[in-house]
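K.L.:
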Amino acid sequence: MPLPPADAPVDARTERRAGGRMLWVDVAKGVCILLVVLHHAVVKDLALQTPAPLSAVADAWHWVTMALKPVRMPLFFVLSGLVASGAVRRPWAQARRRVLSPYYLYVVWLVLQGAFFSVERLLPMNRTQDLGELVADLVWASTGLWFLYALAVYFALARLLSGLPVLPVLAASTVVSALAGLLPTDDWNRVSVVFHFTFFAVGALAPDLVRRWAGPASRVPRRLGLAYLALVVVLPLLGVPRISVMLVASVVGVPLGIGLCVRLAEGRAARVLAWLGRRTLPIYVLHAPLLALALHLPSPIGTGWLGAAEATAYPVLLSAVAVAAALALHAVLRRLG
């Protein structure tokens with residue numbers, strides 16, 4: 052992958068690791084997958100496990116994870132596009148693997164998770180209820196596996212559009228993202244499939260822009276952070292639709308996330324985060340069934356002050372256990388062949 056342009060310097064220690072991959076990209080992917088698991092631990096487990104007297108704790112966690120929404124998946128897709136930026140300009144014969152591989156994985160895990168969640172019914176989530184819904188999900192994803200489906204579709208679109216001028220493509224995709232909330236569907240995951248292409252396109256078709264954010268953006272996270280916080284607090288209070296809040300806040304949130312991850316890549320946590328960032332797939336496909344199993348255990352959250360502390364820590368601890376269990380299960384499955 053090409054180095055950043057001279058006007059966007061990045062410390063060599065954070066730019067690359069062995070094998071030529073950018074360290075901050077792996078760190079950022081690690082952060083994103085942790086935020087995805089944390090989000091689901093909050094909205095799917097904590098919401099059901101928290102006693103009514105402690106609902107304020109669950110509400111606070113819900114606000115935090117929703118405030119991170121304009122960063123979590125948009126940044127994930129910018130990174131995915133950046134990694135694919137070289138492949139989108141290759142001939143189809145060389146590039147088609149980028150479409151077929153994620154879609155194949157999507158189909159396999161759609162069937163596997165469909166079988167699991169046809170039995171497990173506690174976890175609040177979109178489920179494929181019958182053969183008709185399964186076929187519909189093959190065309191337009193509605194389940195929590197929509198990220199894999201989107202990777203296949205987004206790469207195909209980016210490859211088709213790669214010969215056009217970048218700015219008009221990004222402008223048109225931004226308009227589509229802004230209008231995604233008008234789609235005649237109640238499935239947020241399906242709306243997300245339409246909404247997030249813009250971010251993949253930024254990474255895939257304008258990779259130098261992303262690398263530029265990894266330079267100056269990493270030096271002003273405080274100002275970007277204040278601007279982002281103002282947007283995610285003020286815009287909902289003004290009654291701005293959720294799609295619009297996400298789109299506007301992501302303009303600040305994605306560069307902010309990149310800048311913070313560049314800084315993290317210089318610190319002690321870089322090695323662990325980058326290690327996780329290179330293992331996002333098993334975490335992504337396995338964490339939901341593990342979170343579902345947690346709902347069948349007795350709630351570890353009590354009442355009173357101790358219960359409040361337990362409820363506050365619960366999403367973080369559950370996320371850590373789910374990530375560790377997903378990676379352990381993946382290692383076992385690989386060993387079994």
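Residue 52 is where the sequence shown starts when you use my numbering, and the numbers rise one by one after that. By construction, the Cβ of each residue, glycine as well, lies at the ideal position given by its N, Cα and C atoms.
Is DSSP giving Gly214 helix, strand or coil here?
P.N.:
Here residue 214 corresponds to residue number 163 of the sequence shown, with the count starting at 1. Of the three classes helix, strand and coil, the one that applies to Gly214 here is coil, per DSSP.
K.L.:
Where do the N-terminal and C-terminal ends of the alpha helix (DSSP H) with Arg149 fall, by residue?
P.N.:
Your numbering for residue 149 matches position 98 in the sequence shown. Counting along the chain, the alpha helix (DSSP H) containing Arg149 begins and ends at Arg148 to Val170.
K.L.:
Write down the C-beta distance between Leu174 and Ala343 rounded to the nearest angstrom, noting that I regard them as a contact closer than 8 Å.
P.N.:
Looking up residue 174 in the sequence shown gives position 123. Looking up residue 343 in the sequence shown gives position 292. Yes, they are in contact, since the Cβ atoms of Leu174 and Ala343 sit about 4 Å apart, within 8 Å.
K.L.:
Does the stretch 328 to 337 come into contact with the stretch 90 to 106, if we say contact requires no fewer than three beta-carbon pairs (one atom in each stretch) closer than 8 Å?
P.N.:
no
K.L.:
Mind reading off the beta-carbon distance from Leu85 to Leu327? Whole number of angstroms is fine, and I expect it under 8 Å.
P.N.:
Along the sequence shown, one-based indexing puts residue 85 at 34. Along the sequence shown, one-based indexing puts residue 327 at 276. At roughly 7 Å, the Cβ-Cβ gap stays under 8 Å, so Leu85 and Leu327 are in contact.
K.L.:
In the structure shown, what three-state DSSP assignment does Asn177 receive?
P.N.:
Start at 1 with the first residue of the sequence shown, and residue 177 comes out as number 126. Residue state, collapsed to three classes: coil.
K.L.:
On the criterion of 16 or more Cβ atoms from any shown chain inside 10 Å, does Gln100 qualify as buried, or is it exposed?
P.N.:
As a working mapping, residue 100 is identified with position 49 in the sequence shown. Its Cβ being crowded by 16 or more others within 10 Å, Gln100 is buried.
K.L.:
Secondary structure at Ser193, three-state DSSP: helix, strand or coil?
P.N.:
Here residue 193 refers to the residue found at position 142 of the sequence shown. The DSSP-derived three-state label of Ser193 is coil.
K.L.:
List the endpoints of the continuous alpha helix (DSSP H) containing Glu361.
P.N.:
Reading the sequence shown from its first residue, position 310 is the one you call residue 361. Run containing Glu361: Gly355 to Leu387, per the alpha helix (DSSP H) assignment.
K.L.:
Once DSSP output is grouped into helix, strand and coil, what is the label at Ile352?
P.N.:
The sequence position of residue 352 within the sequence shown is 301, counting from 1. If DSSP states are grouped into helix, strand and coil, Ile352 belongs with coil.
K.L.:
Quick one: is Asp110 buried, meaning 16 or more other Cβ sit within 10 Å of its Cβ, or exposed?
P.N.:
Position 59 of the sequence shown, counted from the start, is the residue given in the question as residue 110. Its Cβ having fewer than 16 others within 10 Å, Asp110 is exposed.
K.L.:
Which runs of the alpha helix (DSSP H) fall wholly inside the stretch 267 to 305 and span at least 4 residues, in chain order?
P.N.:
272 to 288
K.L.:
Specify, as a first and last residue, the run of the alpha helix (DSSP H) that Lys120 falls within.
P.N.:
In the sequence shown, the residue the question calls residue 120 occupies position 69. It spans Lys120 to Val134 - the alpha helix (DSSP H) in which Lys120 sits, taken as one unbroken run.
K.L.:
Whose CA, out of Val159, Gln164, Phe167 and Ala79, lies closest to the CA of Val129?
P.N.:
Against the sequence shown, residue 129 aligns to sequence position 78. Ranking the options by Cα distance to Val129, first place goes to Ala79.
K.L.:
Thinking C-alpha only, which one of Pro292, Pro102, Gly165 and Gly310 is nearest Pro349?
P.N.:
Within the sequence shown, the letter at position 298 stands for residue 349. Minimum Cα distance to Pro349 is reached at Pro102.
K.L.:
Check whether the stretch 224 to 232 touches the stretch 292 to 303, counting contact only when three or more Cβ pairs, one atom from each stretch, lie closer than 8 Å.
P.N.:
Touching, yes, given that three or more Cβ pairs across the two stretches are closer than 8 Å.
K.L.:
Just checking, does the stretch 278 to 288 make contact with the stretch 231 to 246 on the three C-beta pairs under 8 Å criterion?
P.N.:
no
K.L.:
Hey, quick one: how far does the alpha helix (DSSP H) through Ala255 stretch, first residue to last?
P.N.:
In the sequence shown, the residue the question calls residue 255 occupies position 204. Counting along the chain, the alpha helix (DSSP H) containing Ala255 begins and ends at Phe248 to Leu256.
K.L.:
Indicate whether at least one CB of chain B lies closer than 8 Å to the CB of Asp237.
P.N.:
Among the chains of the structure shown, chain B does not appear; only one protein chain is present.
K.L.:
Only counting the same chain, and skipping five residues up and downstream in sequence, which positions put a Cβ closer than 6 Å to that of Phe168?
P.N.:
Counting from 1 along the sequence shown, the entry for residue 168 is found at position 117. Short of 6 Å from the beta carbon of Phe168, and not among the five residues preceding or following it, lie these beta carbons of its own chain, in chain order: Arg178.
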